[in-house]
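If you read the protein sequences in the order shown, they are chains C and L.
In this text, residue positions in the first sequence follow numbering that gives the first Met the number 0: the first is 0, and each later residue adds one.
In this text, residue positions in the second sequence follow numbering that gives the first Met the number 0: the first is 0, and each later residue adds one.
Where a beta carbon is used, it is the ideal one built from N, C-alpha and C, also for glycine.
Number of protein chains: 2
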Amino acid sequence: MINRETFARKRVLVTGGLGFIGSNLARCLVDCGAEVTLVDSLIPEYGGNLFNIDPIRTRVKVNFSDVRDEHSMKYLVRNQDYLFNLAGQTSHLDSMNDPYTDLEINTRAQLSILESCRRNNPDIKIVFASTRQIYGRPQYLPVDEDHPLSPVDVNGINKMAGEWYHLVYNNVYRVRATVLRLTNTYGPRMRIKDARQTFLGIWIRRVIEGEPFLVYGDGLQRRDFNYVDDVTDALLAAAASEKANGEIYNLGADDPLSLKDTAQLLVDTLGKGSYEIVPFPEERKIIDIGDYYGSHDKISGHLGWKPRIGLKEGLHKTLEYYQDYSRHYVEP
Amino acid sequence: MINRETFARKRVLVTGGLGFIGSNLARCLVDCGAEVTLVDSLIPEYGGNLFNIDPIRTRVKVNFSDVRDEHSMKYLVRNQDYLFNLAGQTSHLDSMNDPYTDLEINTRAQLSILESCRRNNPDIKIVFASTRQIYGRPQYLPVDEDHPLSPVDVNGINKMAGEWYHLVYNNVYRVRATVLRLTNTYGPRMRIKDARQTFLGIWIRRVIEGEPFLVYGDGLQRRDFNYVDDVTDALLAAAASEKANGEIYNLGADDPLSLKDTAQLLVDTLGKGSYEIVPFPEERKIIDIGDYYGSHDKISGHLGWKPRIGLKEGLHKTLEYYQDYSRHYVEP
Numbered sequence: 000m001i002n003r004e005t006f007a008r009k010r011v012l013v014t015g016g017l018g019f020i021g022s023n024l025a026r027c028l029v030d031c032g033a034e035v036t037l038v039d040s041l042i043p044e045y046g047g048n049l050f051n052i053d054p055i056r057t058r059v060k061v062n063f064s065d066v067r068d069e070h071s072m073k074y075l076v077r078n079q080d081y082l083f084n085l086a087g088q089t090s091h092l093d094s095m096n097d098p099y100t101d102l103e104i105n106t107r108a109q110l111s112i113l114e115s116c117r118r119n120n121p122d123i124k125i126v127f128a129s130t131r132q133i134y135g136r137p138q139y140l141p142v143d144e145d146h147p148l149s150p151v152d153v154n155g156i157n158k159m160a161g162e163w164y165h166l167v168y169n170n171v172y173r174v175r176a177t178v179l180r181l182t183n184t185y186g187p188r189m190r191i192k193d194a195r196q197t198f199l200g201i202w203i204r205r206v207i208e209g210e211p212f213l214v215y216g217d218g219l220q221r222r223d224f225n226y227v228d229d230v231t232d233a234l235l236a237a238a239a240s241e242k243a244n245g246e247i248y249n250l251g252a253d254d255p256l257s258l259k260d261t262a263q264l265l266v267d268t269l270g271k272g273s274y275e276i277v278p279f280p281e282e283r284k285i286i287d288i289g290d291y292y293g294s295h296d297k298i299s300g301h302l303g304w305k306p307r308i309g310l311k312e313g314l315h316k317t318l319e320y321y322q323d324y325s326r327h328y329v330e331p
Numbered sequence: 000m001i002n003r004e005t006f007a008r009k010r011v012l013v014t015g016g017l018g019f020i021g022s023n024l025a026r027c028l029v030d031c032g033a034e035v036t037l038v039d040s041l042i043p044e045y046g047g048n049l050f051n052i053d054p055i056r057t058r059v060k061v062n063f064s065d066v067r068d069e070h071s072m073k074y075l076v077r078n079q080d081y082l083f084n085l086a087g088q089t090s091h092l093d094s095m096n097d098p099y100t101d102l103e104i105n106t107r108a109q110l111s112i113l114e115s116c117r118r119n120n121p122d123i124k125i126v127f128a129s130t131r132q133i134y135g136r137p138q139y140l141p142v143d144e145d146h147p148l149s150p151v152d153v154n155g156i157n158k159m160a161g162e163w164y165h166l167v168y169n170n171v172y173r174v175r176a177t178v179l180r181l182t183n184t185y186g187p188r189m190r191i192k193d194a195r196q197t198f199l200g201i202w203i204r205r206v207i208e209g210e211p212f213l214v215y216g217d218g219l220q221r222r223d224f225n226y227v228d229d230v231t232d233a234l235l236a237a238a239a240s241e242k243a244n245g246e247i248y249n250l251g252a253d254d255p256l257s258l259k260d261t262a263q264l265l266v267d268t269l270g271k272g273s274y275e276i277v278p279f280p281e282e283r284k285i286i287d288i289g290d291y292y293g294s295h296d297k298i299s300g301h302l303g304w305k306p307r308i309g310l311k312e313g314l315h316k317t318l319e320y321y322q323d324y325s326r327h328y329v330e331p
């Protein structure tokens, strides 16, 4: 679907480049012949992990810095053709316990990155990774891009603001930007140490370690899941399309599943393991969004994107990866 | 409509208390017998003006500080029964030229005020002054609270985030909060030095000074206007009602008018003056929202609020005030 030639010899900056999605994207980009710079600060609680780029270590530049560092970002965005802006604080619980850090990363840093682009490289094309979290508790399903925004936690509010900066800078200053609202993304190189990035991470860790994992609530909440290769396809398609400038696109899957059925599928795919359905911890219950699955009709219509890898196949590939490499993800 | 007894002997904090709406509200509150503390930092470009409280100077406490000052705010919110949270950066143009200051005041300071309330005074009731600007260019008219949020400038994004913090802290931490989305508010004590608070301000200054004032665009954009006494009524009604907790209410007027007709009404009311219809300056055109008027059906239904003072009567009262006192508002 992606014309690989689009990115050949192009200069590409990826914030959060040592993280889950960033490192998978970097593999695609180097395969396309792009000159890739990865920015990451390796905050221990976040998704960055040097092992993620082990297979491409010699083919990318790694720049250790924080998106909150206005000065380094100002320099780094110069002369880039594309910016995949993926760095973010992703934990909903952490955003409630430390709302200022979430604000600095998910909101203020986004503003300063956009100001840098506007002043130092207005011809750059940006793709921003936003989140379905900003819709809050769905008023209807599947959730499309016209669904009202009603964030239920500080992370959702700050991501919403960060997203809208991109749209305003696109509309007012013509710094081209596209927003993707991601749903649950999973696959090789995800954080599995805990649930900070996605609950599937800790499920996978525990099932591989032979421990039962926990499903909160009644297990009937439905969710949709995208395998990471489908997400990197969407990021590349958005970057390559002029039609996508100023647009917001949901990702989503065609096979939403209850948490209980997802848990069972994980156990079945591995061929062993178990889970327990337990009541929500209070601090999670109050920010839970219930059933969610999104419509990806808009991006399918505009950019021809569709998820290609179903949950069963994706979980299989993911489990294969962590059976080989989990030590690189769980050790301190 | 308001039971004045509600606020008798109650401790009330007003941020932006020396500003336009804050000072008018303070007059009502002292008349109700409240113990009122006004917080203001008198930033020269904003709405604060000591003359605004001239008639009630001995009946209120004034605390000069900035809502960005976490420590003073932490102390000030203690032991208050009500917080009218009105301080904000209001200029759309300034938000584009200096987005960080807008972010600090309209977003980060709101978060720190709410954190202070949560930790130091969770029983406080907060009313937050938000803005119709966060709807962006209307998709339908009149705009109700279900209209999608689609801010067109940095100020709109930051106010949107500040507003949603209030809702999340209400929903998650039960710090009671109500959001009012104000439209164009006008009346005595507004800033008339320039257009930073509302375009009506500079119109009034120029017409009183015998200079023609400028109407941008074709003059056909419709807007709605609330006289400040109606707005203070709405603030008090929202504070007094438990039903209003966690709710968002639009204000609005029943007599939206084109800018050209508003200009003519201003000239007719004063009995002299003139205006010129001129093309939009580029930096204003790109963030203009076109026609806007809001529906106030929700607050009318929940709280019985209705605007009582029409534009003609309101402009008359406003012009009377500035004919007497304009020197206190235009001198350096």
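| So, helix, strand or coil for Asn225 (chain L), using DSSP? | If DSSP states are grouped into helix, strand and coil, Asn225 (chain L) belongs with the strands.
| Which of helix, strand or coil does DSSP assign to Gly293 (chain L)? | Correct three-state label for Gly293 (chain L): strand.
| N- and C-terminal bounds of the beta strand (DSSP E) containing Thr130 (chain L) | That run of the beta strand (DSSP E) goes Lys124 to Thr130.
| query | Using DSSP with H/G/I as helix, E/B as strand and the rest coil, what is Ser257 (chain L)? | reply | Collapsing the DSSP output to three states places Ser257 (chain L) in a strand.
| field | Residue-level contact to chain C via CB, Trp163 (chain L), 8 Å cutoff | value | Yes, contact with chain C.
| Member of C:Ile104, C:Arg175, C:Pro187 and C:Asn170 whose CA lies at the smallest distance from the CA of Asn157 (chain C) | Comparing Cα-Cα distances from Asn157 (chain C) to each of C:Ile104, C:Arg175, C:Pro187 and C:Asn170, the minimum goes to C:Ile104.
| Does the Cβ-Cβ distance between Phe279 (chain C) and Gly216 (chain C) come in under 8 Å? | Gly216 (chain C) is positioned such that its CB atom lies closer than 8 Å to that of Phe279 (chain C).
| said: If we define contact as Cβ-Cβ less than 8 Å, is Ala176 (chain C) a contact residue for chain L? | reply: Residue contact check for Ala176 (chain C) against chain L: no CB pair falls below 8 Å.
| chain L beta carbons: is any one of them nearer than 8 Å to that of Ile286 (chain C)? | Yes - at least one Cβ of chain L is within 8 Å of the one on Ile286 (chain C).
| said: I'd like to know whether the C-beta of Val171 (chain C) is nearer than 8 Å to at least one C-beta of chain L. | reply: Judged by the 8 Å Cβ criterion, Val171 (chain C) is in contact with chain L.
| said: I'd like to know whether the C-beta of Asp152 (chain C) is nearer than 8 Å to at least one C-beta of chain L. | reply: Output row for Asp152 (chain C): interface = yes.
| query | Taking all protein chains shown into account, do 16 or more other C-beta atoms lie within 10 angstroms of the C-beta of Val277 (chain L), making it buried, or fewer, making it exposed? | reply | The residue in question, Val277 (chain L), is exposed, as its Cβ has fewer than 16 Cβ neighbours within 10 Å.
| How long is the line joining the alpha carbons of Asp290 (chain L) and Leu140 (chain L), rounded to whole angstroms? | C-alpha separation (whole angstroms): 8 Å.
| Phe279 (chain C) - DSSP class collapsed to helix/strand/coil | In the structure shown, Phe279 (chain C) falls within a coil segment according to DSSP collapsed to helix, strand and coil.
| said: Looking at Val153 (chain C): is its Cβ nearer than 8 Å to the Cβ of Met95 (chain C)? | reply: Yes, the Cβ-Cβ distance between Val153 (chain C) and Met95 (chain C) is below 8 Å.
| query | Does Val167 (chain L) come within less than 8 Å of chain C when only Cβ atoms are used? | reply | Taking Cβ atoms only, chain C reaches closer than 8 Å to Val167 (chain L), which makes this a yes.
| In terms of residue numbering, what span does the alpha helix (DSSP H) encompassing Ile97 (chain L) cover? | Checking the displayed sequence, the identity of residue 97 (chain L) turns out to be Asp instead of Ile. From DSSP, Asp97 (chain L) is part of no alpha helix (DSSP H); its letter is neither H nor E.
| query | CB-CB under 7 Å to Arg117 (chain C), same chain, minus the five flanking residues each way: which ones, in chain order? | reply | Counting only Cβ-Cβ distances below 7 Å, and skipping sequence neighbours, we find Tyr168, Tyr172 and Val174.
| Taking the alpha helix (DSSP H) that Ile156 (chain L) falls in, what are its first and last residues? | Where Ile156 (chain L) is concerned, the enclosing alpha helix (DSSP H) stretches over Val153 to Tyr172.
| said: DSSP three-state label for Val329 (chain C), please. | reply: The three-state secondary structure of Val329 (chain C), taken from DSSP, is helix.
| query | For Gly18 (chain L), is the classification buried or exposed, using 16 other Cβ atoms within 10 angstroms of its Cβ as the cut-off for buried? | reply | Buried, since its Cβ has 16 or more Cβ neighbours within 10 Å.
| task | Kindly identify the DSSP beta-bridge partner or partners of Leu37 (chain C). | result | Under DSSP, the beta-bridge partners assigned to Leu37 (chain C) are C:Val13 and C:Val61.
| said: Within a Cβ cutoff of 7 Å, which residues of the same chain sit near Arg307 (chain C), ignoring the five residues on either side of it in sequence? | reply: A distance below 7 Å between beta-carbons, with the five flanking residues on each side excluded, links Arg307 (chain C) to the following residues of its chain, in chain order: Asp229.
| task | State the Cα-Cα distance for the pair Ile207 (chain L) and Gly313 (chain L), rounded to the nearest angstrom. | result | Take the alpha-carbon of Ile207 (chain L) and the one of Gly313 (chain L): they are about 16 Å apart.
| request: Pull out every residue of the stretch 3-36 of chain C whose Cβ sits closer than 8 Å to any Cβ of chain L, in chain order. | output: Hits within the stretch: zero.
| Taking any Cβ of chain L, which residues in the stretch 129-148 of chain C have a Cβ under 8 Å from it, in chain order? | Correct list: Asp145, Pro147 and Leu148.
| request: Give the straight-line distance between the Cα atoms of Tyr321 (chain L) and Lys192 (chain L), rounded to the nearest whole angstrom. | output: Tyr321 (chain L) and Lys192 (chain L): Cα-Cα distance of roughly 12 Å.
| query | Can you tell which of L:Leu310, L:Lys311 and L:His295 has the C-alpha that lies nearest to the C-alpha of Trp304 (chain L)? | reply | For Trp304 (chain L), the nearest C-alpha among the options comes from L:His295.
| request: Quick one: list the residues of chain C neighbouring Glu114 (chain L), beta-carbon separation under 9 Å, in chain order. | output: Chain C residues near Glu114 (chain L): Pro98 and Tyr99.
| request: Along the alpha helix (DSSP H) that carries Asn23 (chain C), what are the first and last residues, could you check? | output: Phe19 to Asp30 is the extent of the alpha helix (DSSP H) around Asn23 (chain C).
| said: Assuming Ile20 (chain L) and Ala239 (chain L) are in contact, meaning their beta carbons sit under 8 Å apart, how far apart are those beta carbons, in whole angstroms? | reply: Not confirmed; about 17 Å, so no contact.
| When burial is assigned at 16 or more other CB atoms within 10 Å of the CB, is Lys124 (chain C) buried or exposed? | When all chains shown are included, Lys124 (chain C) counts as buried.
| Thr182 (chain C) by DSSP, collapsed to three states: which one? | The three-state reading of DSSP puts Thr182 (chain C) in coil, since its state is none of H, G, I, E or B.
| query | Mind checking Pro255 (chain L): buried by the 16 CB within 10 Å criterion, or exposed? | reply | Burial is judged here by how many other beta carbons sit within 10 angstroms of a residue's own beta carbon; Pro255 (chain L) has at least 16 and is buried.
| task | Could you pull the start and end residues of the alpha helix (DSSP H) that Val206 (chain C) belongs to? | result | It spans Phe198 to Ile207 - the alpha helix (DSSP H) in which Val206 (chain C) sits, taken as one unbroken run.
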